[in-house]
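In terms of the numbering used here, the sequence shown opens at residue 7 and continues consecutively. Quick reminder that beta carbons are idealized off the backbone N, C-alpha and C, glycines included. Only a predicted model underlies this, so the values are computations on that prediction, with no experimental measurement involved. Accompanying notes for the structure given below.
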Amino acid sequence: MIEKFLCKKDDALLDALRKINGNGKGVVFVTEADRLCGILTDGDIRRLLLNGHNLSERIEGLVKKEFVYAKQSEEYSQIIKKFSPYIRIIPVVDEGFRVVDYAECKTNVHVPLVSPDLTGNELEYLVEAFLSTWISSSGDYLGKFEKMFADFCECQYGVAVSNGTVALHLALMALGVGKGDEVIVPDLTFAATVNSVLHAQGTPVIVDVEKDSWCIDPAEIEKAITAKTKAIIPVHLYGQPCDIQAIMDIAKAHNLFVIEDCAEAHGALFDGKKVGSFGDIGCFSFFGNKIITTGEGGMCVTDSEKLDEKMRVIRDHGMSKTKKYWHEVVGYNYRMTNLQAAIGVGQLERIDDIISARGKIEERYRRELGREKLIEFQRNDLPRRKKITWLVSVLIKNGIKEACMSKLKERKIDIRPFFYPLSQMDIYKKYTFSNRVSCQLSEQGITFPTTANLNEDVFRVIKEVIKESAEKMSVSS
Ligand SMILES: Cc1ncc(COP(=O)(O)O)c(C=O)c1O
């Protein structure tokens with residue numbers, strides 16, 4: 007395979023051009039007695055021809071003697087530093103200076119926002135579940151997944167469901183939230199939080215978030231409570247725990263239910279205790295971009311045997327657990343399949359490693375971009391809270407967010423804006439209580455690709471884009 011890149015110094019320029027045409031990479035490595043002695047690119051050949059050379063001339067004497075290469079023994083992290091906007095492919099040599107491979111920097115590949123880590127036993131368990139023929143919502147993996155996830159959350163019970171949105175709806179139903187009941191939700195969240203309240207026919211009350219944590223503000227919750235308030239749904243946003251103890255204290259004082267929306271925060275801690283274990287019910291999502299995934303999927307966790315039982319009944323068409331086809335309440339089909347649960351078990355076996363790997367991605371961003379004045383990272387130093395990394399989330403200052411986003415997209419780096427405040431959307435506007443901080447944050451917030459194996463180029467491009475956008479802004483203002 008490396009043969010496609012090799013020319014001898016006695017070959018003609020035409021031979022080199024043929025090789026370049028064959029390997030499609032625009033470069034050949036030139037050898038003398040099997041040792042690397044030079045590099046020739048299609049651009050070099052073009053310039054030689056323009057300077058009056060011809061294709062029958064021998065490469066020797068025309069090839070540059072100074073070139074970039076990597077040693078086989080070098081670490082990937084060292085090799086990657088050798089690339090530049092002009093040097094995209096370099097030869098890799100062994101101890102005898104023989105070319106054994108090449109290293110390529112692919113800047114133009116799409117850098118996805120997230121990609122699930124399915125490298126454990128997921129496939130094996132999925133196949134096992136498939137071959138067992140228990141592919142619907144009964145089977146060994148379901149009970150196992152529920153038990154393992156409840157244990158992970160330090161809760162007694164886990165009820166697996168088909169996604170995170172219905173987990174919230176199921177929780178509201180089990181707590182008896184319905185028509186006329188007000189449910190306090192944060193302005194800055196994914197729409198599923200507020201939609202679930204509307205699905206339950208409750209009335210959402212949208213309140214503002216804290217400036218530091220970006221999560222629902224307990225002071226705003228307190229102000230928004232009325233005689234109709236029945237529940238609070240705090241969201242642990244972008245992996246950051248809310249001030250959940252303060253929220254629990256408020257709920258206790260006013261006799262309110264708390265449903266924690268933990269869709270983005272599996273494993274985050276408050277006072278050393280897992281999110282999801284504070285409220286009456288904790289709801290999780292296992293969508294493909296979440297900390298762990300089952301494709302689509304969700305879970306409700308609780309310490310209440312009564313709520314666990316209620317949720318199981320509502321999840322399964324409202325059917326009695328003791329009398330088949332006897333329906334006690336109007337229920338739903340919110341069940342998870344055994345196939346999804348099999349993937350979930352594979353994921354859960356490695357959840358601590360997955361969380362730690364995501365944390366390392368964020369640390370790397372902080373190392374690489376921490377000195378950029380226009381980037382402000384999500385706080386990771388708030389007292390009592392230990393965030394996890396869902397998506398690496400930052401604020402981009404000085405009004406250059408939109409410019410940065412479009413330039414990064416052009417350069418194939420998949421970034422996302424923060425959620426729009428619910429209060430800005432026509433369908434939710436009327437439920438707004440307060441929203442000032444949410445609007446400010448949403449105007450500045452973006453999430454960076456949070457995938458393993460990001461190469462240096464991503465950070466270089468982000469720095470370049472921020473610089474260009476800031477310059478453009480200062481010129482135009
Ligand atoms: C805060 C929040 N709540 C709820 C959900 C809903 O989860 P799902 O997509 O699994 O329905 C999400 C998912 O994106 C979310 O981010």
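(message) Measuring CB atoms only, is the stretch 447-467 touching the stretch 408-424, in the sense that at least three cross pairs come out at less than 8 angstroms?
(response) Result yes; three or more Cβ-Cβ pairs closer than 8 angstroms.
(request) Indicate whether Val117 and Ile419 have their beta-carbon atoms separated by less than 8 angstroms. (result) yes
(request) From the DSSP output, in three-state form, read off Ile212 for me. (result) strand
(request) Give the single residue among Gly352, Val203, Gly288, Pro389 whose Cα lies nearest to the Cα of Val133. (result) Gly352
(request) Would you decide whether Asn339 is buried or exposed? Buried here means 16 or more other CB atoms lie within 10 Å of its CB. (result) Counting Cβ neighbours within 10 Å, Asn339 comes out exposed, since fewer than 16 surround it.
(request) Rank Glu152, Leu148, Val99 by C-alpha distance to the C-alpha of Arg41 and give the top, closest one. (result) Of the listed residues, the one whose Cα sits closest to Arg41 is Val99.
(message) Looking at the secondary structure, which residues open and close the beta strand (DSSP E) in which Cys107 lies?
(response) The sequence shown places Asp at residue 107, not Cys. That run of the beta strand (DSSP E) goes 105-110.
(request) Answer yes or no: do Glu228 and Val211 have a C-beta to C-beta separation smaller than 8 angstroms? (result) no
(request) Determine the direct distance from the alpha carbon of Arg364 to that of Val167, and round the result to whole angstroms. (result) 25 angstroms
(request) Below 8 angstroms CB to CB, which residues in the same chain sit around Val106 once its five sequence neighbours on both sides are set aside? (result) Ile8, Gln78, Val98, Val99, Asp100
(request) Pull up the distance between the alpha-carbon of Gly304 and that of Asn169, whole angstroms please. (result) Taking the straight line joining both Cα atoms gives about 4 angstroms.
(message) Using CA atoms only, rank isn't needed, just tell me which of Lys150, Ile298, His175 is closest to Thr125.
(response) Ile298
(request) Report yes if the C-beta distance between Cys111 and Thr308 is below 8 angstroms; otherwise report no. (result) no
(request) Could you tell me how far apart the beta carbons of Val443 and Asp267 are, in whole angstroms, since I believe they sit closer than 8 angstroms? (result) Between Asp267 and Val443 the Cβ distance is about 18 angstroms, and since that is not below 8 angstroms, they are no contact.
(message) Could you check whether the stretch 316-334 touches the stretch 174-184, counting it as contact only if at least three pairs of C-beta atoms, one from each stretch, sit closer than 8 angstroms?
(response) yes
(request) With a threshold of 16 other CB atoms inside 10 Å of the CB of Phe292, please say whether the residue is buried or exposed. (result) Buried, because 16 or more other Cβ atoms sit within 10 Å of the Cβ of Phe292.
(message) By DSSP's criteria, Ile65 is part of a beta bridge. Which residues make up the other side?
(response) For Ile65, which the question treats as bridged, DSSP gives no partner whatsoever.
(message) Can you find the residues in the same chain that come closer than 7 angstroms, C-beta to C-beta, to Cys43, ignoring five residues on each side of it along the sequence?
(response) Lys15, Val36, Thr37
(message) Using only the alpha-carbon positions, how far apart do Phe136 and Ile65 sit?
(response) 60 angstroms
(request) Alpha carbon to alpha carbon, how far is Asp255 from Thr343? Give it in angstroms, no decimals. (result) 37 angstroms
(request) Look at Val34 and Leu12 and say whether their C-beta atoms are less than 8 angstroms apart. (result) Their beta carbons are under 8 angstroms apart, which means Val34 touches Leu12 by this criterion.
(request) Pull up the CB-CB distance for Pro247 and Ala274, whole angstroms please, since I reckon it's below 8 angstroms. (result) The C-beta separation of Pro247 from Ala274 comes to about 5 angstroms, placing the pair in contact by the 8 angstroms criterion.
(message) ligand 1 and Lys288: does any heavy atom of the ligand fall closer than 7 angstroms to the residue's C-beta?
(response) Going by the sequence as given, residue 288 is Gly instead of Lys. Not so, every heavy atom of ligand 1 lies at least 7 angstroms from the Cβ.
(message) Closer than 8 angstroms is the cut-off here; do at least three beta carbon pairs connect the stretch 369-384 with the stretch 396-408?
(response) They touch, by the three-pair rule.
(message) I'd like to confirm the pairing. Which residues does DSSP put opposite Lys392 in its beta bridges?
(response) Leu275
(request) Kindly indicate which three-state DSSP category Cys289 falls into: helix, strand or coil? (result) strand
(request) Return the first residue and the last residue of the beta strand (DSSP E) that Ile190 is part of. (result) 188-192
(message) Would Ala22 and Leu46 be called neighbours here (beta carbons separated by less than 8 angstroms)?
(response) yes
(message) Taking only three categories from DSSP, how would you classify Ile231?
(response) coil
(request) Would you check whether ligand 1 has a heavy atom nearer than 7 angstroms to the C-beta of Asp267? (result) yes
(request) Please indicate yes or no: does the CB of Gly304 lie closer than 7 angstroms to some heavy atom of ligand 1? (result) yes
(request) Inspect the beta-carbon positions of Leu375 and Lys478 and report whether they are closer than 8 angstroms. (result) no
(request) In the DSSP assignment, find the unbroken beta strand (DSSP E) run with Glu9 in it and report its ends. (result) The continuous stretches of beta strand (DSSP E) do not include Glu9, and DSSP gives it neither H nor E.
(request) Tell me whether Ala237 counts as near ligand 1, meaning its Cβ is closer than 7 angstroms to at least one heavy atom of that ligand. (result) no
(message) Quick check: the Cα distance between Leu495 and Asp50, rounded to an integer number of angstroms?
(response) One cannot answer for residue 495 here, as it falls past the ends of the chain, which runs 7 to 483.
(request) Leaving out five residues on either side along the sequence, give the residues of the same chain with a beta carbon under 7 angstroms from the beta carbon of Glu368. (result) Only Thr395, Val398 meet the Cβ criterion.
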